[in-house]
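Right, one structure below, let's go through it.
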Amino acid sequence: MRYQPGSMIDHYEVVECLGEGAYAESYKAIDKNTGTTVVLKSPNPQMFADPAIFARFKREADISKRLHHRGIVVGLDRGEHRSEPYLVLEYVEGENFRQALRRKDGPVPVDLALKYGRELADAIAYLNDQGVVHRDLKPENIIVTKDDDLKIIDFGTALLDGAKRLTWRHLSESLGTPDYMSPEQIQGDRGDIRSDIYAWGVMMYELLTGRVPFGGDNWLAVMAGHLTRNPDPIRSRNAAVSPALEAVVLKAMRRYPEHRYQTPQDLLDDLDRLDTLDVSTFDLAPESPMGGMAAIESTKRLWKLIAVVAIAFIAVATTVIVIARLA
Numbered sequence: 007m008r009y010q011p012g013s014m015i016d017h018y019e020v021v022e023c024l025g026e027g028a029y030a031e032s033y034k035a036i037d038k039n040t041g042t043t044v045v046l047k048s049p050n051p052q053m054f055a056d057p058a059i060f061a062r063f064k065r066e067a068d069i070s071k072r073l074h075h076r077g078i079v080v081g082l083d084r085g086e087h088r089s090e091p092y093l094v095l096e097y098v099e100g101e102n103f104r105q106a107l108r109r110k111d112g113p114v115p116v117d118l119a120l121k122y123g124r125e126l127a128d129a130i131a132y133l134n135d136q137g138v139v140h141r142d143l144k145p146e147n148i149i150v151t152k153d154d155d156l157k158i159i160d161f162g163t164a165l166l167d168g169a170k171r172l173t174w175r176h177l178s179e180s181l182g183t184p185d186y187m188s189p190e191q192i193q194g195d196r197g198d199i200r201s202d203i204y205a206w207g208v209m210m211y212e213l214l215t216g217r218v219p220f221g222g223d224n225w226l227a228v229m230a231g232h233l234t235r236n237p238d239p240i241r242s243r244n245a246a247v248s249p250a251l252e253a254v255v256l257k258a259m260r261r262y263p264e265h266r267y268q269t270p271q272d273l274l275d276d277l278d279r280l281d282t283l284d285v286s287t288f289d290l291a292p293e294s295p296m297g298g299m300a301a302i303e304s305t306k307r308l309w310k311l312i313a314v315v316a317i318a319f320i321a322v323a324t325t326v327i328v329i330a331r332l333a
């Protein structure tokens with residue numbers, strides 16, 4: 007943490023650190039000129055030596071300037087001079103969505119899940135209209151306000167239509183979270199708005215069932231699940247969910263992008279007419295593994311490599327212990 011409570015960054019007084027990541031640190035602060043509470047997002051100084059960090063920071067700044075939606079945290083850039091690079095963002099009184107879900111400890115009521123789902127879908131539709139793909143939608147990047155509404159935050163890995171690919175050696179550590187990553191992102195694609203739709207589906211699945219669709223002992227098992235397994239029916243875990251809502255969520259989670267909703271507006275349209283949806287028109291048949299058997303074999307080879315490394319490590323450790331005892 008670079009700044010302690012009471013530190014001044016230009017005319018902003020730091021109140022507390024809100025979070026630290028590989029890319030940036032976020033602070034709650036007071037604008038001493040206006041008395042307004044804001045969020046300052048400062049790039050990690052260890053990354054300054056990498057030119058791509060500045061390009062990514064500028065991209066996030068450009069994105070924050072163009073977004074003005076009730077379901078998205080607003081950027082407050084006034085074009086003022088700053089002694090160092092940082093973003094000034096709207097401060098939202100509330101809590102992290104992940105924390106809220108942990109308190110519920112199980113499925114949320116269907117009506118509330120539908121409310122949350124529609125708010126998120128509406129925000130994703132707005133992003134699509136602005137040519138923005140978030141690419142890392144997850145409960146940790148959503149705030150629940152005091153009025154129980156949702157706001158999307160953190161556009162550090164977001165993509166603008168037509169933007170060139172940025173090569174940043176630290177990016178792979180923070181791009182996406184296995185539980186919510188789309189299969190195409192797991193395979194190394196940049197992703198598009200359909201990737202955000204997939205993440206929406208996974209979050210809705212979690213809201214309605216109390217668990218993510220693909221679990222595992224580690225991130226490799228979770229990623230393999232997205233590529234090779236089919237989610238259990240939602241209604242097998244929560245009978246209160248209507249067949250229509252189940253169909254909408256599972257369609258959003260289809261493994262192949264071309265099988266999902268192609269736009270957030272299509273998704274919103276179905277959410278608004280759940281009572282009249284003909285579920286028989288949805289193709290929710292099990293899908294083949296992405297990449298066919300190649301994906302499965304690739305996962306098997308990765309696990310074999312991990313096993314070999316683990317065995318080698320144990321062997322070396324054992325040898326060291328034996329030598330130490332003989333010495």
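Using the working numbering, read the sequence shown as starting at 7 and increasing by one per residue. Even glycine gets a Cβ: it sits at the ideal position worked out from N, Cα and C. None of the values given here were measured: they were computed from a predicted structure.
Close Cβ partners of residue i (< 7 Å) along its chain, the five nearest in sequence each way excluded
{"i": "P292", "result": "N236"}
{"i": "M14", "result": "none"}
{"i": "A30", "result": "K47, S48, P49, N50, G162"}
{"i": "F288", "result": "A253, K257"}
{"i": "S248", "result": "L280"}
Limits of the beta strand (DSSP E) - the one that residue i falls within
{"i": "G25", "result": "18-26"}
{"i": "Y33", "result": "30-37"}
{"i": "T1", "result": "Here the chain comprises residues numbered 7 to 333, so residue 1 is not present and cannot be evaluated."}
{"i": "I158", "result": "156-158"}
Contacts around residue i, its chain only, beta-carbon distance under 6 Å, and the 5 residues preceding and following it disregarded
{"i": "S89", "result": "D16"}
{"i": "A106", "result": "V150"}
{"i": "L177", "result": "Summary for L177: the model assigns pLDDT 41, below 50, so the residue's position carries little reliability; its value from the coordinates is reported in the next sentence. Excluding positions up to five away in sequence, the list is empty."}
{"i": "R175", "result": "With a pLDDT of 43 at R175, under the threshold of 50, the modelled position of that residue is not reliable, and the figure given next carries that caveat. So the list is empty, once near-sequence residues are dropped."}
{"i": "F103", "result": "P145, I148, V150"}
{"i": "R261", "result": "P189, E293, M296"}
{"i": "V114", "result": "L213"}
{"i": "M7", "result": "C23"}
{"i": "R241", "result": "V247, E252"}
{"i": "N244", "result": "P113, L214, T215"}
{"i": "M209", "result": "none"}
Whole-Å CB distance - residue i paired with residue j, under 8 Å assumed
{"i": "Y204", "j": "A250", "result": "That pair is no contact at about 19 Å."}
{"i": "L233", "j": "M296", "result": "5 Å"}
{"i": "D160", "j": "L274", "result": "Contact flag wrong, Cβ pair sits at about 23 Å."}
{"i": "R228", "j": "D185", "result": "Note on identity: in this sequence residue 228 is Val, with Arg being the wrong assignment. Indeed they touch by this definition, with Cβ atoms about 6 Å apart."}
{"i": "G137", "j": "L166", "result": "6 Å"}
{"i": "N134", "j": "P263", "result": "Between P263 and N134 the Cβ distance is about 14 Å, and since that is not below 8 Å, they are no contact."}
Residue i: first and last residue of the uninterrupted alpha helix (DSSP H) it sits in
{"i": "V228", "result": "225-234"}
{"i": "K257", "result": "249-258"}
{"i": "A131", "result": "116-135"}
{"i": "K110", "result": "103-110"}
{"i": "S201", "result": "199-215"}
{"i": "E190", "result": "189-192"}
{"i": "L95", "result": "That residue, L95, is in no alpha helix (DSSP H); its beta strand (DSSP E) goes 93-96."}
{"i": "Q271", "result": "270-277"}
Beta-carbon proximity check, residue i vs residue j, cutoff 8 Å
{"i": "G112", "j": "G216", "result": "yes"}
{"i": "I69", "j": "A131", "result": "no"}
{"i": "K157", "j": "G77", "result": "yes"}
{"i": "Y9", "j": "V20", "result": "yes"}
{"i": "K152", "j": "G100", "result": "yes"}
{"i": "D382", "j": "V254", "result": "In the structure as shown, the chain begins at 7 and stops at 333. Residue 382 is therefore absent and cannot be evaluated."}
{"i": "V98", "j": "D83", "result": "no"}
{"i": "G207", "j": "F220", "result": "no"}
{"i": "S32", "j": "V45", "result": "yes"}
Close Cβ partners of residue i (< 8 Å) along its chain, the five nearest in sequence each way excluded
{"i": "Q268", "result": "R200"}
{"i": "M299", "result": "Any reading at M299 needs caution, since the residue's pLDDT is 36, under 50, leaving its predicted position unreliable; the model's value is listed next. Excluding positions up to five away in sequence, the list is empty."}
Sequence ranges, alpha helix (DSSP H) only - wholly within the segment 49-79, length at least 4: Counting whole runs of 4 or more residues, the segment 49-79 contains the alpha helix (DSSP H) stretches 57-72.
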